[in-house]
Amino acid sequence: MTLLNLTEDTFFNGGIKVFQHREGYRFSIDAVLLAAFSAPETGDRIVDLGTGCGIIPLILGHRHPAVSITGIEVQPELAELAARNVKINGLKGRITIIREDMRSLSIQAVSGPVDIVISNPPYRKGLSGRVNPHPQRAVARHEILATLQDVASAAARLLGIGGRFAIIYPAERITDLLTNLRSAGIEPKHIQTVHAKGNEPARLVLVSGIKGGRPGAAVHEPLVIYRPDGTYTDSVQAMFNP
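Going by the numbering used here, the first residue of the sequence shown is number 1, and it counts up by one from there.
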């Protein structure tokens, strides 16, 4: 891995630096939305399944100095990049990157049970639709190495009773999502639809659930990303503020 193959972005007025592969997987605003939605509390121990370049642990580590995070990534180059990003940002004491397949990840590997599991998983079933020729992007977008069921099962395995799972997923697959969470023993408790603009249908949905929780979910006010002029709404802009 060379710097020539990477790009550098900064967030929170230079509070964190994020290197990404120029041609491979690159994170989107989905990661920022999910990090904010997860709303950790002081002392929480968090696992991010499919951490990519480590963007969610970096955001949480910067925003919440009293939490510890473990990022799980199966792709070797991304795991290496995530570890580099953690080191560059001086967060090695609170963020750990583990190269592992979530399907075989044990609770002992993350010193669990943990308080929160987060995932921004592949959105598309199997090899449906056009598969990106770049392997990093293909694995990030399609259920090639992990299905939705795999993600839900891994989250349930790592959480203690009462622990929380937070995920962002396509709105059109919300039935699949809620069904898989409940089957894994995670009861959906909070649901928020995400809209590019206020007059457009939901593109994504943010869902959090409790392992062993009782039935009953709250549906929150929709989250709108852009104003009509294309700038971020106040709610989203606040997620980028220092």
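Even for Gly, the Cβ is constructed at its ideal location relative to N, Cα and C. Note that the structure is predicted; figures quoted are calculated from it, not measured.
Runs of the alpha helix (DSSP H) spanning 4 or more residues and lying entirely within the stretch 151-207 occur at 174-183, in chain order. Under DSSP, I69 forms a beta bridge with I46, I95.
Straight-line spacing of the CA atoms in R45 and S68 works out to 5 Å.
With fewer than 16 other beta carbons inside 10 angstroms of its own, P215 counts as exposed. For the pair I16 and T10, the CB atoms are nearer than the 9 Å cut-off. In this structure, A217 lies near K189, with their beta-carbon atoms less than 9 Å apart. S104 carries a coil assignment under DSSP once its states are collapsed to helix, strand and coil. It is roughly 6 Å from the alpha-carbon of I161 to the alpha-carbon of G212. Between R94 and F19, the C-beta spacing is not below 9 Å. Taking a cut-off of 8 Å for Cβ pairs, the stretch 56-71 and the stretch 29-42 touch, as three or more such pairs fall below it. Contact annotation, A196 with Y169: C-beta distance approximately 16 Å; criterion of less than 8 Å not satisfied.
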